[in-house]
Structure formats: structure tokens, C-alpha cells
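Okay, so here's the structure we're looking at.
Residue numbers (the numbering used here): 25 to 169.
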């Protein structure tokens with residue numbers, strides 16, 4: 025048995041380990057209401073917009089949400105979730121006028137790029153977002169040019 029607090033929003037998943045042949049009761053209790061999900065930022069990466077050029081990652085970060093982000097940060101994360109390289113990119117406004125907001129980036133490949141590495145926007149999870157599932161790109165899927 026365990027007790028933990030996590031922030032949940034619509035569509036989030038929760039990892040549970042349930043032993044076979046046992047009965048488990050899961051209780052969910054709201055501690056406090058969160059801000060409106062739709063008033064948040066939503067940073068995004070797309071694998072089709074990230075590529076390798078001469079040992080450097082080149083691509084685009086998007087904000088497709090409803091809030092500005094004061095400091096967008098990119099990171100390369102290993103298979104265990106450790107940040108092995110990070111780069112602050114600056115502010116990225118929300119597209120409140122329906123004009124896409126994008127930011128180009130270059131990020132030198134860290135030494136000894138690990139298998140299972142991922143490129144992640146907001147790797148420290150500091151920005152409250154509408155959806156976190158569009159924040160990373162598997163580096164093994166990035167094409168070279």
C-alpha cells in the first residue's frame with residue numbers, strides 16, 4: 025500500500041502496479057482545484073520537424089495553448105529520464121490571435137548520446153500545460169540531413 029499525491033487532468037494516465045491474485049482499492053481524493061485546463065500553455069514538438077544536421081539537432085517548438093511561456097527549455101533525456109543536456113530558448117507567446125507561435129532551435133548533440141534518448145521540451149515539467157503527451161520526440165526516429 026502507498027499514499028502519493030499527483031496532479032491529474034483530463035486524459036492523464038496513472039501507472040499502477042497490481043499483483044496478480046490480490047484485491048486492490050484505489051482511492052482518489054481531490055486536494056485542491058486546479059486552474060482551468062484550457063487557460064494553460066501547450067508546448068509541442070513533432071518528430072517530422074526535428075532533424076540532425078552535422079551532429080546538431082535542428083527543429084521547431086510550438087506553443088499551441090492559451091498561455092504565454094516565459095522560458096521555454098529543451099533537454100535531451102536518457103532512457104532513465106535523466107536530463108543530460110538542456111538549453112533555455114526564451115519566451116514563446118500563445119497563439120491567441122490564431123497565428124501559429126513557433127520557435128526555431130539548434131541543440132548540439134551531447135557526448136555519448138544514449139540509446140533510448142529523447143528530445144523533451146520542458147524536461148523539468150515546470151510549465152502547467154493542457155497536454156504533456158506532445159512534449160517529446162524519440163531521438164532514434166529523427167532523420168539526418
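Where is the CB? At the ideal position from N, CA and C, for every residue including glycine.
Can you tell me whether residue i is buried or exposed? The criterion is at least 16 other CB atoms within 10 Å of its CB, across all chains shown.
i	result
residue 127	buried
residue 159	buried
residue 27	exposed
residue 122	exposed
residue 87	buried
Please report the straight-line C-alpha distance between residue i and residue j, rounded to a whole angstrom.
i	j	result
residue 108	residue 38	26 Å
residue 168	residue 70	15 Å
residue 142	residue 48	34 Å
residue 80	residue 46	50 Å
Which class does residue i belong to by DSSP, given the choice of helix, strand or coil?
i	result
residue 109	strand
residue 73	helix
residue 131	strand
residue 26	coil
residue 164	helix
residue 9	Outside the displayed range of the chain (25 to 169) lies residue 9, so it cannot be described from this structure.
Less than 8 Å between the CB atoms is what I'm expecting for residue i and residue j, so what's the real figure, rounded?
i	j	result
residue 91	residue 56	Their Cβ separation, rounded to whole angstroms, is 19 Å, which puts residue 91 and residue 56 out of contact at 8 Å.
residue 68	residue 93	Not quite, the Cβ-Cβ distance comes to about 11 Å (not below 8 Å), so this is no contact.
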